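K.L.:
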Amino acid sequence: MSTELTSARESEVEPAVDLPQLNRSLRPSAKAPVRIVHLGLGAFHRSHQAWYTHQASDAADWGIAAFTGRRPDAALALAEQDGLYTVVNRADDGDSFAVVSSIVEAVDGADVLRLAGLVAAPATAVITLTITEAAYRLRADGQLDRAAPDVAADLALLASGSGNPTTPLGRLVLALAARRSAGAGPLAVVCCDNLSNNGTVAHNAVVGMAEAWDAGLAGWIDANVSFVSTSVDRITPRTTATDMAAVQAACGYRDNSPVVAEPFSNWVLSGDFPAGRPRWEDAGAVFVTEIEPYENRKLWLLNGAHSLLAYAGQLRGHTTVAEALADPLCLQAVEKFWDEAEANLSRTEAIAAELQIPAYRAALLSRFSNARIAHHLAQIAMDGSTKLRMRAVPVLQAERAAGRSGAAAALMIAAWMDYGAASDAFQDPLADQVAVANRLAGAGRIRALLALVDPALAADGDVVDLIEGLCGTFGERAVSL
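So this is what it looks like as structure tokens:
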């Protein structure tokens, strides 16, 4: 592999002009054969799975073909650079820069024919997914929502054979059908989205889509495709023009697709790889038999705090994670939520020792406080109705089952409700239903909104009363918790 590292302090960064563009002639590196297909080409994939693959000792054997989601822009930009891009490792004391070469083909997600061809190729062994939590289109019961408009539209296209699916699920199912027809053998699907038991989620979504189209295909998927669960972690904010100028100034080339990330990274995987995989452990990936404790530690402590800060912080007038965490009211809310989450993570002394939760919490405070990582709250706030099911609801349910109030977890849900009513930029797959619920008043509004997140909790009058009482905490009546 070819990696070049340089360093620069932010104060030294100035835009450069008339520089060559990054490509494989500028930074020679042979393209590895495509053996991994990725759906959801974006900044996080490039800072995480592609970065891990680049670091593997057998990286020369494992090229990635990465497909975009709704728009082709990322693929078009990356294709201009032969798949090369710069990872800006942003630490408190300065930046370091590394060229990553593991993506050997960047493709518009709408090119379903190319996707099917690559998935059907015998050399392809792994499919990775970063398609966002909402894209799995599961109901609250964990099964595919066949009535969702985009799912129904894709199923109609699949049944007619007259067009290409537009959702990641529809495209993946069509591609797996091509692999079945080609007799190319088993492979692994690796879900890298922030969902509890995400391998099971991916299985239910993919098999659910296949069953609705072709029961025989669904059976083949069950017999030939493993669904690997993962816990992924690396804070990766949106790249800015200033970041691109920093790469120019420090590296001496133009890069239209750099990605900025914190120094910390983590990847825990559990599952089978029937056709092989890269040596991701060379970059620090961990393979475990039981992943649920690791998933919950990350979903509840990191992602849960992110959601709480996203809603509470914006209600308090903040724009980034670091700003919100510096607000004593927001910090206190996070600490109280962490206390509830920790009580339900440390089920046994052995698990508590393995997870090292106090150290993990301390590290999160340090990571969140890194003001040089401008992680915008508006970005985190999207798709809350889906995210809260994994981040707040399990903690609230566990606290109630233990005879405690669960007020800190309930406060996250209340903050989401307040944010949904106050924000003009509210983005959610259930935005229309949220708007309808917000026309109601009092407990009726709370119950209708809560039903979108968890119907069982919405049927619990005590929980509805608890959340109603917490609404407004970060607004005009904000006081110390």
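Every number in my numbering is 1 more than the matching position in the sequence shown, counting from 1.
All C-beta atoms, glycine included, are put in the ideal place defined by N, C-alpha and C.
Note that the structure is predicted; figures quoted are calculated from it, not measured.
To test your reading of the DSSP string, which unbroken alpha helix (DSSP H) runs of 4 or more residues are found completely within the segment 60–89?
P.N.:
Whole alpha helix (DSSP H) segments, 4+ residues: 74–80.
K.L.:
Could you give the DSSP three-state label for residue 243: helix, strand or coil?
P.N.:
Looking at residue 243 - three-state DSSP - the assignment turns out to be helix.
K.L.:
May I ask you to report which of helix, strand or coil DSSP gives residue 407?
P.N.:
Correct three-state label for residue 407: coil.
K.L.:
Do you know whose CA, among 241, 213 and 208, lies nearest residue 225's CA?
P.N.:
Per the Cα distances, 208.
K.L.:
Quick one: Cα of residue 92 to Cα of residue 430, how far?
P.N.:
Approximately 34 Å, taken between the alpha carbons.
K.L.:
Could you pull the start and end residues of the beta strand (DSSP E) that residue 95 belongs to?
P.N.:
Here the beta strand (DSSP E) through residue 95 covers 95–101.
K.L.:
DSSP beta-bridge partners for residue 38?
P.N.:
DSSP lists 66 and 128 as partners of residue 38.
K.L.:
In the DSSP output, what is residue 104 paired with across the bridge?
P.N.:
BP columns for residue 104 point to 65.
K.L.:
Measure from the alpha carbon of residue 230 to the alpha carbon of each residue in 372, 246, 274 and 449, then state which is nearest.
P.N.:
If we check each option's Cα against that of residue 230, 274 comes out closest.
K.L.:
Do three or more CB pairs link the segment 384–399 to the segment 455–464 at distances below 8 Å?
P.N.:
Touching, per the Cβ criterion.
K.L.:
Exposed or buried, residue 34, counting other C-beta atoms within 10 Å across all chains shown (16 or more means buried)?
P.N.:
By the neighbour-count rule (16 or more Cβ atoms within 10 Å), residue 34 is not buried but exposed.
K.L.:
Please say whether residue 256 and residue 23 have beta carbons closer to each other than 9 Å?
P.N.:
Yes, they are a contact pair.
K.L.:
Taking 9 Å as the cut-off, decide whether the C-beta atoms of residue 384 and residue 316 are in contact.
P.N.:
Cβ atoms of residue 384 and residue 316: not closer than 9 Å.
K.L.:
Taking all protein chains shown into account, do 16 or more other C-beta atoms lie within 10 angstroms of the C-beta of residue 253, making it buried, or fewer, making it exposed?
P.N.:
So residue 253 counts as exposed.
K.L.:
Look at residue 312 and residue 475 and say whether their C-beta atoms are less than 9 Å apart.
P.N.:
Cβ distance < 9 Å, so residue 312 and residue 475 count as in contact.
K.L.:
Determine the burial state of residue 82: buried for a count of at least 16 other Cβ atoms within 10 Å of its Cβ, exposed for fewer.
P.N.:
Result: buried.
K.L.:
Taking the alpha-carbon positions, what's the residue 473 to residue 337 distance?
P.N.:
The alpha-carbon atoms of residue 473 and residue 337 are separated by roughly 17 Å.
K.L.:
Alpha carbon to alpha carbon, how far is residue 97 from residue 27? Give it in angstroms, no decimals.
P.N.:
So the two alpha carbons sit approximately 19 Å from each other.
K.L.:
Residue 1: buried (16+ other C-beta within 10 angstroms of its C-beta) or exposed?
P.N.:
Any answer about residue 1 is impossible in this case: the structure gives the chain only from 2 up to 482.
K.L.:
Please identify the residue among 456, 90 and 109 whose C-alpha is closest to the C-alpha of residue 101.
P.N.:
If we check each option's Cα against that of residue 101, 90 comes out closest.
K.L.:
Tell me which residues share the same chain as residue 302 and place their Cβ nearer than 7 Å to its Cβ, disregarding the 5 neighbours each side in the sequence.
P.N.:
Closer than 7 Å at Cβ, skipping near neighbours: 339, 342, 361, 362 and 365.
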